[in-house]
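See below for the structure under consideration.
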């Protein structure tokens, strides 16, 4: 099944209208916003819109040759002229926030929406019908529902094509938690395993061709539902936390529990789980919540992993992306899924995850609405200044994580002037990596270069101010730049990914 | 995983009951002659296997010396001899009885050559010490999976109708599959605590290609945690009463209906236990158990399908304690397989699934005896048969658990193979009517056999006039066979598909069981005597006819031989009448070789079949006469036919020349049934058929041409002749009592004569 259903860790919370947001920081360029799309999941809302951004560009212009000969001296020997011009570019904005803020956000948008050409908002996700009436009333826009799976796939194709290092491999015990993949020039075909309440396994062959080739009813909803029954813990996040602390071996029956060791002739190691929950069948004792949650997590992750592998083999696919709320930002599940895939394919297939997985539906819905603008004919680039970036959500790695939930997350993408493609002379475009040193994987190098860039910041600020000697507020802007870039550097120190 | 673990649903809390009264000699039969032992100890059930030799009486015929004038004009002498055959015994009982059983075995074990008992199963090590102490045998452990596969291969090869499809809502619960001549490759999905998915490619080659930790142990373990019900059977019972829709999130719960563009119907389970994630309410034990059952069955079903597809396998057998005899799980697994393969793959189950490990362990120990080089047949008299365990279908089920279940297999004298002339061996079904699926027909035939029982008993007693205790044995036979009939009334599927043939065979097995090897021997002898006296006269009158008249008279002769003399042969056109096509064919070139499956003794064989054979020989066609290896009703046996043919040869130069020139051959069919299974025939017969390039098969008599083989398609010309001597059957086939079936068929594409018209003209 899709990510759709009522995945709502906050459903018992009341809507908090009094929350103070710095909304202009979040809903940027609303004045110029044109197309809207919204993806309402069980707990999170993802809003997408398109805006045009005015910004200054430096232009150079050659002096007239004729003019040069006449007034050589006047031009003080300069070869060309520099001027700063205003230019308009297109930008895509994606904002993610908890459903609790939806009304506040709609109010804010209503107040700031200038453009009146927009009549329709594209909507997708399981919660779309629930909030349909609210959206139509607040924004005065007609809610136009789009097929969830189509949006998901469209969004997935878009990020894979336009965001370098979108996909990553998760490795819990490696030096860096995430190992990013280079964008393969041809993103097709691939397998998308969407683990929502249930599991949908979708084969994507081209921009417009995908097929749900399989699925399973054992998914995130099963972890949550069975987990709730077994542990009386009603919140998904808490269940995951329980699981991360448990020992599955006290509940599961291992091969060695049956045979006293490995079952050599069948190639089964002693530690392999022979039967999930096998020990609770006959043992007359209480099991801890943590252990049961862990056993459940393994059971479900392994099952999905095996199904994904079998479908990948059957359809001869080597790229398998995992998404859905079961995965989204949860290192625990990324770890168990990765483990399962490695086990079942003996390393032949890697479990891939996506940095912007949570936005896929919103991106897809937006693209559906913007089809007349042909967004796929342009190349787009992630605007690092306007995007929040991927957070490490492993609680021990990053104590900020808990604090972050409940806030806003953003992705901005700029339309690039021209379509970007590979240099045709690259020997192997799929393995080409432009960068010589990957700082994510090299802690020493990372330290050094972060330090360098911080050191150099003063100089850069000075140079920026000097470049606009005639503009008085340049100093102020340069200071803002300094703050923003320093903040980014600090963030990167903590989360190199 | 293999079936291994402590599957102990009902007895784990019970203490061992030593005082249980068993009728052990009824269960552990022939222990005196028992040789090799093997034991498979599962979580709750023990399966014991042994090999014994069984002495039983067989009727033999012996020709009198020619020089000696026979007393009372008898053609040949009948004697009853003791014969020793090999039998495999498999007994299943609850682990609670293991000590009692071991004691019993110890007390009755005479043979002291046995030094070792082969053991397999997860419980083997637990009881190792006990077994060694009680029996004084060394326990020799065998690999569980190897035993399982060996056992599976053995039953698939040797027991017709071993595999079945389960259909809850169909007229009959079980639909049996015909044995495919080549059983490999197949997929075995063994659902024990976990799941093992094994690809079996040949007798010795198998590979565990996959598995899952979500298996029977998960159903049991999670079920116990969720419902506080600790017993596996009770969990299944809970599940069978629950509604999964109150716990599972369906597609329609999310989308309000189906998700059309993805082809998902509204009732599909989107998320197992999805509703319990957010709903703040109590769920009933029944509903949770049902949801769990669906979750696990569907998951296993999907995995099985994917592995089957990936390895290109179409036969998928399910076993293990999760399946074993549980209609609930057979139903959900079947449903799941149908769903995921869209009907391309069928979930198959095995009648003797619980015995596979024991059979395999036994075979491992008996490898020096080469059991695989023989054919084995299920002994219906000594086997309990499959029980319906659906509580609503069969209230006897509960009562049965806790008792013993048996399987006995007799080693057949000869290896049985397919008739090489079958058009499609894999789709060949010998039986014309499947009584398992046809309730009316079943009623009728069970009634018939019960009605006829008195007569059979009388004849059995009469066949042994000099033996005083014959009456007593005959009475025992009556009880046993009547009990079988009653069992079959309740569980028509007990021995695979129920057919007239299986009813007849069961009767023969029961008669043999009580040492009535050939109740008709005297009657046959008398009839043969009489008929032989008319042979020369009959031949002479046939010779006087014109060619065309003679051909018709020969056919009528065969048909009349099938009738009681008082009944006139039906006038043409017969119920099925392709005589004209046959006659046309006879005007053409002679056949190379005809294979003739004969029926009754007396008039039939001597005055019907022999003149027909004589004519074929005269035309230049070689003839192979196939008769039963062992006695069945008044059918002529190979032994009797040898003598009769010699006698006829002495009177008839045509027959004599045929024998001398090896153009007339007598072979045995390998069967002791009044019916005919063309997929289980003596290997020698198959060889002769091939060597002689047989191009015509003649089958006569109701048992062989109507109860069985009526629809059999052969790759050469065939002729089926019979008179329908049963008004019910005649009615079924659209005729009346004593209607004649004369079915001459030419396979499509044969450049022979016109294809015969098979409908009444």
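Chains as they are written, first to last, in the working numbering: chain B, 459 to 955; chain E, 1027 to 1787.
Backbone N, C-alpha and C define an ideal beta-carbon position, used for all residues, glycine too.
Next item on the list: Report the neighbours of residue 1506(E) on chain B: residues whose CB is nearer than 9 Å to its CB, in chain order.
Entry: Locating residue 1506(E) in the second chain gives position 480, counting from the first residue. Per Cβ cutoff of 9 Å: no residues; residue 1506(E) is ~40 Å from chain B at best.
Next item on the list: Anything in the stretch 759-774 of chain B with a Cβ closer than 8 Å to a Cβ of chain E? List those residues in chain order, please.
Entry: 760, 761, 764, 765, 768, 769, 771 and 772
Next item on the list: Scan the stretch 596-608 of chain B for residues whose Cβ lies nearer than 9 Å to a Cβ of chain E and list them as they occur along the chain.
Entry: 605, 606, 607 and 608
Next item on the list: Could you confirm whether any beta carbon from chain E is found closer than 8 Å to the beta carbon of residue 499(B)?
Entry: Locating residue 499(B) in the first chain gives position 41, counting from the first residue. No - not a single Cβ of chain E is within 8 Å of the one on residue 499(B).
Next item on the list: Use the C-beta contact count for residue 682(B): other C-beta atoms within 10 angstroms, 16 or more gives buried, fewer gives exposed.
Entry: If you number the first chain from 1, residue 682(B) lands on position 224. Looking at its Cβ environment, which holds 16 or more other Cβ atoms inside 10 Å, residue 682(B) is buried.
Notebook entry, point to check: If you run the structure through DSSP and keep just helix, strand and coil, what is residue 1728(E)?
Noted result: Looking up residue 1728(E) in the second chain gives position 702. Residue 1728(E) falls in the helix class under three-state DSSP.
Margin query: By the three-class DSSP mapping on this structure, what secondary structure does residue 1421(E) have?
Written below: Your numbering for residue 1421(E) matches position 395 in the second chain. The predicted model places residue 1421(E) with a pLDDT of 33, which falls under 50 and marks its position as unreliable; any figure quoted below should be read in that light. Coil.
Next item on the list: Please check if any C-beta of chain B sits within less than 8 Å of the C-beta of residue 1344(E).
Entry: In the second chain, counting from the first residue as 1, residue 1344(E) sits at position 318. With 8 Å as the cut-off, residue 1344(E) does not count as an interface residue toward chain B.
Check: Between the C-alpha atoms of residue 1601(E) and residue 1729(E), what's the straight-line distance to the nearest angstrom?
Finding: Stepping through the second chain from its first residue, residue 1601(E) is reached at position 575. Stepping through the second chain from its first residue, residue 1729(E) is reached at position 703. Using only the alpha carbons, I get a separation of about 17 Å.
Note to self: So that I know if they touch, is there some Cβ in chain E lying closer than 8 Å to that of residue 851(B)?
What the structure shows: Taking the first residue of the first chain as position 1, residue 851(B) is located at position 393. Only weak support is given to the placement of residue 851(B): the predicted model assigns it a pLDDT of 40, under 50, and the value that follows is read from those uncertain coordinates. Not an interface residue.
Check: What are the residues of the stretch 672-701 of chain B that lie near chain E, defined by any Cβ-Cβ distance shorter than 9 Å?
Finding: 672, 673, 674, 675, 676, 677, 678, 679, 680, 681, 682, 683, 684, 685, 686, 687, 688, 692 and 694
Checklist line | 8 Å Cβ cutoff met for residue 1149(E) and residue 1121(E) | finding: Along the second chain, read from residue 1 onward, the residue named residue 1149(E) stands at position 123. Along the second chain, read from residue 1 onward, the residue named residue 1121(E) stands at position 95. Contact: yes.
Next item on the list: Could you have a look at residue 1771(E) and say whether DSSP puts it in helix, strand or coil?
Entry: Reading the second chain from its first residue, position 745 is the one you call residue 1771(E). Strand at residue 1771(E).
Check: What are the residues of the stretch 1141-1157 of chain E that lie near chain B, defined by any Cβ-Cβ distance shorter than 7 Å?
Finding: 1148
Note to self: Quick check on DSSP: helix, strand or coil for residue 1187(E)?
What the structure shows: Start at 1 with the first residue of the second chain, and residue 1187(E) comes out as number 161. Coil, per DSSP.
Check: Which one of 497(B), 800(B) and 657(B) has the shortest CA to CA distance from residue 593(B)?
Finding: Mapped onto the first chain, residue 593(B) falls at position 135. Checking every option, the nearest Cα to that of residue 593(B) belongs to 497(B).
Item checked: Separation of residue 581(B) from residue 961(B), as counted between CA atoms -> In the structure as shown, chain B starts at 459 and stops at 955, and residue 961(B) therefore has no counterpart that could be examined.
Next item on the list: Determine the contact status of residue 1387(E) and residue 1319(E), defining contact as a CB-CB distance below 8 Å.
Entry: Within the second chain, numbered from 1, the residue matching residue 1387(E) stands at position 361. Within the second chain, numbered from 1, the residue matching residue 1319(E) stands at position 293. Going by C-beta atoms, residue 1387(E) is not nearer than 8 Å to residue 1319(E).
Notebook entry, point to check: Assuming residue 1626(E) and residue 1665(E) make a contact with CB atoms under 8 Å, what is their CB distance in whole Å?
Noted result: On the second chain, residue 1626(E) is found 600 positions in, with the first residue counted as 1. On the second chain, residue 1665(E) is found 639 positions in, with the first residue counted as 1. Actually they do not touch by this definition, with Cβ atoms about 15 Å apart.
Notebook entry, point to check: Which residues in the same chain as residue 854(B) place their Cβ atom closer than 6 Å to its Cβ, once the five residues preceding and following it in sequence are excluded?
Noted result: On the first chain, residue 854(B) is found 396 positions in, with the first residue counted as 1. In this prediction, residue 854(B) scores a pLDDT of 38, lower than 50, which makes its location untrustworthy; the coordinate-derived value is nonetheless stated afterwards. Cβ neighbours of residue 854(B) beyond the five flanking positions: none.
Margin query: On the DSSP bridge list, what partners appear for residue 1210(E)?
Written below: The sequence position of residue 1210(E) within the second chain is 184, counting from 1. Paired residue(s): none; residue 1210(E) is not in a bridge.
Item checked: For residue 952(B), three-class secondary structure by DSSP -> Working through the first chain from its first residue, we reach residue 952(B) at position 494. It is helical.
Next item on the list: Tell me whether residue 779(B) is buried or exposed, calling it buried when 16 or more other Cβ atoms sit within 10 Å of its Cβ.
Entry: Stepping through the first chain from its first residue, residue 779(B) is reached at position 321. Residue 779(B) is buried by the Cβ-count criterion.
Checklist line | N- and C-terminal bounds of the alpha helix (DSSP H) containing residue 1516(E) | finding: Translated into the one-based positions of the second chain, residue 1516(E) becomes position 490. Run containing residue 1516(E): 1496-1516, per the alpha helix (DSSP H) assignment.
Next item on the list: Count the other C-beta atoms from every protein chain shown that fall within 10 angstroms of the C-beta of residue 1770(E), then say buried if there are 16 or more, exposed otherwise.
Entry: Along the second chain, read from residue 1 onward, the residue named residue 1770(E) stands at position 744. Classification for residue 1770(E): buried.
Checklist line | Start-to-end residues for the alpha helix (DSSP H) that takes in residue 701(B) | finding: For the purposes of this step, residue 701(B) is identified with residue 243 of the first chain, where counting begins at 1. From DSSP, the alpha helix (DSSP H) with residue 701(B) extends over 694-703.
Note to self: Counting only C-beta atoms, is residue 1177(E) closer than 8 Å to chain B at any point?
What the structure shows: Here residue 1177(E) refers to the residue found at position 151 of the second chain. No, its Cβ sits nowhere closer than 8 Å to a Cβ of chain B.
Next item on the list: Could you tell me whether the Cβ atoms of residue 1342(E) and residue 1374(E) are closer together than 8 Å?
Entry: Reading the second chain from its first residue, position 316 is the one you call residue 1342(E). Reading the second chain from its first residue, position 348 is the one you call residue 1374(E). Result yes, Cβ atoms of residue 1342(E) and residue 1374(E) sit closer than 8 Å.
Checklist line | the stretch 784-798 of chain B in contact with the stretch 761-773 of chain B per 3-pair CB rule at 8 Å | finding: yes
Item checked: Sub-8 Å separation of residue 1544(E) and residue 1075(E) beta-carbons -> Here the question's residue 1544(E) lines up with position 518 in the second chain. Here the question's residue 1075(E) lines up with position 49 in the second chain. For residue 1544(E) and residue 1075(E), no; Cβs fall outside 8 Å.
Margin query: Using 8 Å as the threshold, is the C-beta distance between residue 509(B) and residue 491(B) below it?
Written below: Stepping through the first chain from its first residue, residue 509(B) is reached at position 51. Stepping through the first chain from its first residue, residue 491(B) is reached at position 33. Closer than 8 Å, so yes.
Notebook entry, point to check: Which class does residue 1626(E) belong to by DSSP, given the choice of helix, strand or coil?
Noted result: Translated into the one-based positions of the second chain, residue 1626(E) becomes position 600. Residue 1626(E): strand per DSSP, three-state reduction.
Check: Is it right to say residue 721(B) is buried, meaning 16 or more other beta carbons lie within 10 angstroms of its own, or is it exposed?
Finding: Taking the first residue of the first chain as position 1, residue 721(B) is located at position 263. Answer is buried; the Cβ neighbour count reaches 16.
Notebook entry, point to check: For residue 818(B) versus residue 617(B), is the C-beta distance shorter than 8 Å?
Noted result: Along the first chain, read from residue 1 onward, the residue named residue 818(B) stands at position 360. Along the first chain, read from residue 1 onward, the residue named residue 617(B) stands at position 159. Yes, these two residues count as a Cβ contact at 8 Å.
Item checked: Whole-Å CB distance - residue 676(B) paired with residue 710(B), under 8 Å assumed -> Here residue 676(B) refers to the residue found at position 218 of the first chain. Here residue 710(B) refers to the residue found at position 252 of the first chain. About 16 Å; that fails the 8 Å criterion.
Checklist line | Residues of the stretch 699-733 of chain B whose Cβ lies closer than 9 Å to any Cβ of chain E, in chain order | finding: 709, 710, 711, 713, 715, 716, 717, 718, 721, 723, 724, 725, 726, 730, 731, 732 and 733
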